[in-house]
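Going by our numbering, the sequence shown opens with residue 115, and the numbers climb by one from there. Every residue, glycine too, gets a C-beta built ideally from N, C-alpha and C. Okay, structure first, notes after.
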Amino acid sequence: MGEMSPWHWAIVILVLVVLFGSKRLPSAARSLGQSLRIFTSEMKEMHADPRAAKTNPPTTAGSASQRPPAQPVPTTEPTGPDVDFGRS
Numbered sequence: 115m116g117e118m119s120p121w122h123w124a125i126v127i128l129v130l131v132v133l134f135g136s137k138r139l140p141s142a143a144r145s146l147g148q149s150l151r152i153f154t155s156e157m158k159e160m161h162a163d164p165r166a167a168k169t170n171p172p173t174t175a176g177s178a179s180q181r182p183p184a185q186p187v188p189t190t191e192p193t194g195p196d197v198d199f200g201r202s
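As structure tokens, then:
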């Protein structure tokens, strides 16, 4: 009951192909593999020199240091006769 038989795997693969399409699955797998390689290389680097990992956090392309930090957008509650929040 806890094992995945070949029929279970076939159904899972069929559902994935139907949901995402056969053209998007290879690019998604490639992207996942690339992300995993980057993650493992960063982990190896962090374990090799823990002091450098603490002082120099890893950055990626489009790092946050190039952009200002995100600021919350001030919002106001709309008022008027056409707005109903369920407060009767």
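Tell me which residues share the same chain as residue i and place their Cβ nearer than 6 Å to its Cβ, disregarding the 5 neighbours each side in the sequence.
| i | result |
| --- | --- |
| V126 | none |
| S141 | none |
Could you please give the first and the last residue of the uninterrupted alpha helix (DSSP H) stretch that includes residue i?
| i | result |
| --- | --- |
| T154 | 138 to 162 |
| A124 | 120 to 134 |
Which same chain residues, not among the five before or five after residue i, have their C-beta less than 7 Å away from its C-beta?
| i | result |
| --- | --- |
| L82 | Nothing about residue 82 can be read from this structure; the chain reaches only from 115 to 202. |
With 16 other CB atoms within 10 Å as the buried threshold, where does residue i fall?
| i | result |
| --- | --- |
| A178 | Bear in mind that the predicted position of A178 carries a pLDDT of just 49, short of 50, making it unreliable; the figure below should be weighed with that in mind. Exposed, by the Cβ-count rule. |
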